[in-house]
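Peer 1: Residue 321 in UniProt numbering sits at position 321 of the sequence shown, and the numbers go up by one each step.
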Amino acid sequence: MEDMSASIIAICEELADAKGQIPISRLADAMRLLGMNPTDQDVGTLQRRALSVQSMQDDNEDGQLALDSSQFGRLMEDALAQWLAADQAQQLLHDFQVFDKDRTGRMSTQKLVEIMKISGNSFTELELEEMLLNSGVEGGTVDYKDVVYKHFFGARSRSALGDWGLQHRKPDPLQDASALREVAKMKADRGKLQDALGLYRDALALLDGQAAHSTAAATLHDMARLKEMLGEEQEALSLYLRALEIREKVLGPKHFYVATTLDSIANLQDRMGQVAEALDFACRSLSIWERFFGPEHSHVAKILYNLAGRRDFVGDLAGSLDFYQRALSIFQRVNARSEVADALDGIADLKWRSGETDEAILLYNRELSIREELLGVEHPEVVELREFIASLHP
Numbered sequence: 001m002e003d004m005s006a007s008i009i010a011i012c013e014e015l016a017d018a019k020g021q022i023p024i025s026r027l028a029d030a031m032r033l034l035g036m037n038p039t040d041q042d043v044g045t046l047q048r049r050a051l052s053v054q055s056m057q058d059d060n061e062d063g064q065l066a067l068d069s070s071q072f073g074r075l076m077e078d079a080l081a082q083w084l085a086a087d088q089a090q091q092l093l094h095d096f097q098v099f100d101k102d103r104t105g106r107m108s109t110q111k112l113v114e115i116m117k118i119s120g121n122s123f124t125e126l127e128l129e130e131m132l133l134n135s136g137v138e139g140g141t142v143d144y145k146d147v148v149y150k151h152f153f154g155a156r157s158r159s160a161l162g163d164w165g166l167q168h169r170k171p172d173p174l175q176d177a178s179a180l181r182e183v184a185k186m187k188a189d190r191g192k193l194q195d196a197l198g199l200y201r202d203a204l205a206l207l208d209g210q211a212a213h214s215t216a217a218a219t220l221h222d223m224a225r226l227k228e229m230l231g232e233e234q235e236a237l238s239l240y241l242r243a244l245e246i247r248e249k250v251l252g253p254k255h256f257y258v259a260t261t262l263d264s265i266a267n268l269q270d271r272m273g274q275v276a277e278a279l280d281f282a283c284r285s286l287s288i289w290e291r292f293f294g295p296e297h298s299h300v301a302k303i304l305y306n307l308a309g310r311r312d313f314v315g316d317l318a319g320s321l322d323f324y325q326r327a328l329s330i331f332q333r334v335n336a337r338s339e340v341a342d343a344l345d346g347i348a349d350l351k352w353r354s355g356e357t358d359e360a361i362l363l364y365n366r367e368l369s370i371r372e373e374l375l376g377v378e379h380p381e382v383v384e385l386r387e388f389i390a391s392l393h394p
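1. Measure the C-alpha to C-alpha separation of P23 and G73 and round it to an integer number of angstroms.
2. For R284, collect the residues of the same chain with a Cβ closer than 6 Å to its Cβ; drop the 5 residues on either side in sequence, then sort them by chain order.
3. In the DSSP output, what is A66 paired with across the bridge?
4. Ordered along the chain, which non-local residues of its own chain (more than five positions away) have a Cβ less than 7 Å from that of A236?
5. Residues in the same chain with beta-carbon distance under 6 Å from L220, minus the five sequence neighbours each way, listed in chain order, please.
6. Answer yes or no: do L392 and I347 have a C-beta to C-beta separation smaller than 8 Å?
7. What did DSSP end up calling S298 once you bin it into helix, strand or coil?
8. For V340, which residues from the same chain have a beta carbon less than 8 Å from its beta carbon, with the 5 sequence-adjacent residues on both sides left out?
9. Judging by CA-CA distance, which residue of R106, D358, L375 and A30 is the nearest neighbour of S390?
10. Measure the Cβ-Cβ separation of L251 and S214 and say whether it is below 8 Å.
11. In terms of alpha-carbon separation, which member of Y364, S354 and I9 lies closest to S69?
12. What are the partner residues of A366, as DSSP defines its beta bridges?
13. For G162, does the count of other Cβ atoms within 10 angstroms reach 16, so buried, or fall short, so exposed?
14. Starting from the C-beta of E372, find all residues in its chain whose C-beta is less than 7 Å away, skip the five residues before and the five after it, and write them out in chain order.
15. Determine, using beta carbons only, whether V275 and F323 come nearer to each other than 8 Å.
16. Given F256, which residues of its chain have a CB within under 6 Å of its CB, disregarding the five upstream and five downstream residues?
17. Tell me which same chain residues have a C-beta within less than 6 Å of the C-beta of R106, skipping the five on either side of it?
18. Which residues in the same chain as L193 place their Cβ atom closer than 7 Å to its Cβ, once the five residues preceding and following it in sequence are excluded?
19. Compare the Cα-Cα distances from E232 to each of D208, V148, V258 and L197 and report the closest residue.
20. Given that a residue counts as buried once 16 or more other Cβ atoms are within 10 Å of its Cβ, and exposed if not, what is Q234?
21. Just mark Q90 as buried or exposed, buried being the case when its beta carbon has 16 or more other beta carbons within 10 Å.
22. Could you check where the beta strand (DSSP E) with residue 419 kicks off and where it finishes?
23. Can you tell which of D222, R190 and D208 has its C-alpha closest to the C-alpha of Y200?
24. In the DSSP assignment, find the beta strand (DSSP E) that holds M107 and state where it starts and stops.
25. If you count every other CB in all the chains shown that lies within 10 Å of the CB of E367, and 16 or more means buried, which is it?
26. By alpha-carbon positions, which one of M116, M36 and H94 ends up nearest to D78?
27. Please list the segments of the alpha helix (DSSP H) lying wholly inside the stretch 206-272, counting only runs of 4 or more residues, in order along the chain.
28. For L34, does the three-state DSSP call read helix, strand or coil?
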């Protein structure tokens with residue numbers, strides 16, 4: 001397995017049975033974990049290729065045809081290389097079409113070579129020369145679709161001859177890191193948190209030269225979430241903050257992924273007793289969600305409601321009242337009856353503690369009317385609220 005990429009090794013270990021074999025029925029899962037988006041035809045083709053492996057004699061423990069790790073590794077490396085080559089061909093065609101303003105399907109050889117050199121495809125001079133010779137130049141122009149198809153899929157191309165690994169499979173740390181993240185998520189879902197963390201660390205190591213990439217930020221965020229689950233709160237906070245720094249730099253300070261990390265930090269700091277700091281991060285998140293959903297969205301109202309409680313906790317009663325009232329206004333507009341009752345309760349509690357008892361009683365009675373309608377007059381919560389209101393009367 002030493003010749004396989006880190007992502008394929010991880011996928012092999014994840015999908016293998018107790019005997020270390022990978023059922024061919026799991027090949028579709030392997031393709032998706034590698035970042036492919038295979039059709040049923042793609043999966044069927046790969047399964048037929050697996051069945052053609054002459055040394056595949058034994059069934060696995062469940063009676064399914066299976067591959068050993070080396071067979072699986074070679075098959076998936078080959079499949080990934082073919083997928084990347086097809087993707088490369090499609091992207092190259094798109095690049096040509098962008099510059100083919102007259103939609104003739106033809107292009108001068110000089111322009112074609114220039115585009116190929118700036119398109120991000122690392123073709124050698126020899127490859128460029130062979131591509132032009134195989135396509136046939138007429139009047140200094142070529143059919144660029146013919147160039148692409150003959151190079152990637154022609155009968156004499158390395159692609160057609162199966163030499164994908166030598167010609168097209170180039171190390172792609174982003175793709176390998178993304179695949180490792182997907183396997184890590186699967187392990188985390190099964191409760192193997194330490195194994196998942198190990199794969200996340202491997203993904204970060206692959207991204208060492210691209211530490212400011214959004215994939216690195218997503219990996220750090222996922223690691224922080226696992227650290228939280230393990231009770232390692234300080235380390236989780238450090239990872240969240242690193243993820244936040246990258247996301248703000250790469251995506252901009254108003255991106256919704258920035259908001260999700262801000263929310264995670266705020267919730268963690270709440271549990272750590274750092275309420276004032278949590279409030280600051282949560283308010284920064286609110287400004288993003290207001291822009292993303294609109295200031296009158298029900299999701300924004302729920303955030304306002306939660307922030308009102310946080311402001312109350314740190315002694316900012318005026319700020320708390322403002323947020324409760326803003327949340328109430330939205331809840332009423334969208335007819336969210338239970339949430340209306342919750343917001344009324346928050347406002348009433350602030351009024352009561354501020355000595356405005358008559359106003360508090362009016363608000364509590366509005367809340368009581370809604371809860372009686374939703375829960376019934378004999379519900380324990382309703383009975384408790386009714387008794388509390390009665391205790392407020394002189």
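Cβ atoms here follow ideal geometry from the backbone N, Cα and C, with glycine treated the same way. Since we're looking at a predicted model, the values are computed, not measured.
Peer 2: In short:
1. Indexing the sequence shown from 1 puts residue 23 at position 23. Indexing the sequence shown from 1 puts residue 73 at position 73. As the crow flies, the alpha-carbon of P23 is around 13 Å from that of G73.
2. The sequence position of residue 284 within the sequence shown is 284, counting from 1. Cβ neighbours of R284 beyond the five flanking positions: L262.
3. Position 66 of the sequence shown, counted from the start, is the residue given in the question as residue 66. Under DSSP, A66 takes part in a beta bridge, and its partners are P23.
4. As a working note, residue 236 is residue 236 in the sequence shown. Residues A224, K227, E228 and L268 of the same chain have their beta carbon placed closer than 7 Å to that of A236, with the five preceding and five following residues left out of the count.
5. Here residue 220 is taken as the residue at index 220 of the sequence shown, counted from 1. Taken in chain order, the residues that qualify are L239, R242 and A243.
6. Here residue 392 corresponds to residue number 392 of the sequence shown, with the count starting at 1. Here residue 347 corresponds to residue number 347 of the sequence shown, with the count starting at 1. Contact flag unset, no.
7. Locating residue 298 in the sequence shown gives position 298, where the first residue counts as 1. Correct three-state label for S298: helix.
8. Position 340 of the sequence shown holds residue 340. Cβ neighbours of V340 beyond the five flanking positions: L328, F331, Q332 and I370.
9. Counted from its first residue, the sequence shown places residue 390 at position 390. Here residue 390 is Ala; the residue named in the question, Ser, does not match the sequence. Answer by Cα proximity: D358.
10. Numbered from its first residue, the sequence shown carries residue 251 at position 251. Numbered from its first residue, the sequence shown carries residue 214 at position 214. Closer than 8 Å, so yes.
11. Position 69 of the sequence shown, counted from the start, is the residue given in the question as residue 69. Among Y364, S354 and I9, the Cα nearest to that of S69 is on I9.
12. For the purposes of this step, residue 366 is taken as residue 366 along the sequence shown, with counting starting at 1. At residue 366 the sequence reads Arg, which differs from the Ala that was named. DSSP, once it has assigned bridges, lists no residue as partnering R366.
13. Along the sequence shown, one-based indexing puts residue 162 at 162. Below a pLDDT of 50, predicted positions are generally treated as unreliable, and G162, at 41, falls in that range; no measurement from the model is reported.
14. For the purposes of this step, residue 372 is taken as residue 372 along the sequence shown, with counting starting at 1. Sequence-distant partners of E372 (beyond 5 residues in either direction) whose C-beta falls short of 7 Å from its own C-beta, in its chain, are V382.
15. Residue mapping note: residue 275 aligns to position 275 of the sequence shown, counting from 1. Residue mapping note: residue 323 aligns to position 323 of the sequence shown, counting from 1. No.
16. Here the question's residue 256 lines up with position 256 in the sequence shown. Within the same chain, F256 has close Cβ partners F292.
17. Locating residue 106 in the sequence shown gives position 106, where the first residue counts as 1. So the qualifying residues of the chain are T141 and D143.
18. Residue numbering aside, residue 193 sits at position 193 when the sequence shown is read from its first letter. Closer than 7 Å at Cβ, skipping near neighbours: L226, M229 and L230.
19. Walking along the sequence shown from the start, residue 232 turns up at place 232. The shortest Cα separation from E232 among D208, V148, V258 and L197 belongs to L197.
20. Start at 1 with the first residue of the sequence shown, and residue 234 comes out as number 234. Q234 comes out exposed.
21. As a position in the sequence shown, residue 90 is number 90, starting the count at 1. Q90 is exposed by the Cβ-count criterion.
22. One cannot answer for residue 419 here, as it falls past the ends of the chain, which runs 1 to 394.
23. The residue you call residue 200 lines up with position 200 of the sequence shown. Minimum Cα distance to Y200 is reached at D222.
24. Here residue 107 refers to the residue found at position 107 of the sequence shown. Note, M107: beta strand (DSSP E), R106 to S108.
25. Residue 367 sits at position 367 when you count from the first residue of the sequence shown. Label assigned to E367: buried.
26. Counted from its first residue, the sequence shown places residue 78 at position 78. Out of M116, M36 and H94, the CA that lies nearest to the CA of D78 is found in M36.
27. Segments of the alpha helix (DSSP H) lying fully in the stretch 206-272: 214-229, 233-251 and 256-271.
28. On the sequence shown, position 34 is the one that residue 34 refers to. Annotated three-state conformation of L34 is coil, per DSSP.
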